[in-house]
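S.K.: Can you read through this structure? Questions will come right after.
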Amino acid sequence: MTVISIYNLDKMSTQDNASQQVLAQLGQIESELFVHDAWSAAQISSLLTQPFNHIIYATDELNTRLVGYCFYSHIFEDAEILRIATCLDYQQQGIASQLLTAMAQMCQATGAERMLLEVREDNHAALAFYQKHGFEQIAVRKNYYDNHDTTKTHALIMQRKLNAN
Numbered sequence: 003m004t005v006i007s008i009y010n011l012d013k014m015s016t017q018d019n020a021s022q023q024v025l026a027q028l029g030q031i032e033s034e035l036f037v038h039d040a041w042s043a044a045q046i047s048s049l050l051t052q053p054f055n056h057i058i059y060a061t062d063e064l065n066t067r068l069v070g071y072c073f074y075s076h077i078f079e080d081a082e083i084l085r086i087a088t089c090l091d092y093q094q095q096g097i098a099s100q101l102l103t104a105m106a107q108m109c110q111a112t113g114a115e116r117m118l119l120e121v122r123e124d125n126h127a128a129l130a131f132y133q134k135h136g137f138e139q140i141a142v143r144k145n146y147y148d149n150h151d152t153t154k155t156h157a158l159i160m161q162r163k164l165n166a167n
């Protein structure tokens, strides 16, 4: 497992130079990983204007490069993963697991009772990852995702209950 540092993006200072660099790196990674539906740095910044939306991110061993992130929303007892991703050259090294664990701990400490997410039913790697981390399917959104060949793919809604404090 790769050793990383995990940070919470300070929502109060998204206009400072360091935060702008983080946002730019997030946007760059998004464009590399999610070619057809990437979120831009401006969209990510806009996401953070809502008090319930958060971003944690991981840097490499030297703290020089952003290598993974988790965007999530925490409202009352529910924490929802909006996006979790790792740079291509850092995948399969435990970074997403570390981010997921950190997010769960932070949300549980502030009252979350469960974590939710939606995932494409054809994203087998993501499904295996979430199941490994205790998520179970609780619902289906039929024909939720548009494919690039005009077909549709179902979204699976998954949940992981958090232990009581």
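Counting from 1 along the sequence shown, just add 2 to a position and that's the residue number in the working numbering.
Note that the Cβ used here is the ideal one computed from N, Cα and C, for glycine as well.
Here the structure is a predicted model, which is why all the values come from computation and not from measurement.
1) Can you tell me whether Glu120 is helix, strand or coil according to DSSP?
2) Count the other CB atoms, across all protein chains shown, that sit within 10 Å of the CB of His126; report buried if there are 16 or more and exposed otherwise.
3) As an exercise, report each continuous beta strand (DSSP E) stretch of at least 3 residues that is fully enclosed by the region 120 to 156, in chain order.
4) Out of Asp62, Gln110, Leu25, state which residue places its alpha-carbon closest to the alpha-carbon of Tyr92.
5) For the alpha helix (DSSP H) that Cys109 lies in, which residues bound it at each end?
6) Once you ignore the five residues that flank Trp41 on each side, which residues in its own chain have a CB closer than 6 Å to its CB?
7) Does the separation of the CB atoms of Asn145 and Thr152 fall below 9 Å?
8) Check the DSSP bridge columns for Gln30 and list the partner residues they point to.
9) Using DSSP with H/G/I as helix, E/B as strand and the rest coil, what is Ala60?
10) Name the DSSP bridge partner or partners of Leu158?
11) My output table needs one value for Asp39: the three-state DSSP class, helix, strand or coil.
12) Which residues in the same chain have their Cβ closer than 7 Å to the Cβ of Ala87, if we skip the five residues on either side of it in sequence?
M.R.: The structure says:
1) Of the three classes helix, strand and coil, the one that applies to Glu120 here is strand, per DSSP.
2) Exposed.
3) Restricted to the region 120 to 156, the beta strand (DSSP E) segments that are unbroken, complete and at least 3 residues in length are 138 to 148, listed in chain order.
4) Minimum Cα distance to Tyr92 is reached at Asp62.
5) Taken as a continuous stretch (DSSP letters only), the alpha helix (DSSP H) holding Cys109 covers 97 to 111.
6) The residues are Glu32.
7) Cβ atoms of Asn145 and Thr152: not closer than 9 Å.
8) DSSP lists no bridge partner for Gln30.
9) Of the three classes helix, strand and coil, the one that applies to Ala60 here is strand, per DSSP.
10) Answer is Val121, Val142, bridged to Leu158.
11) DSSP places Asp39 in the coil class of the three-state scheme, outside both helix and strand.
12) Answer for Ala87: Ile31, Leu35, Gly70, Tyr71, listed in chain order.
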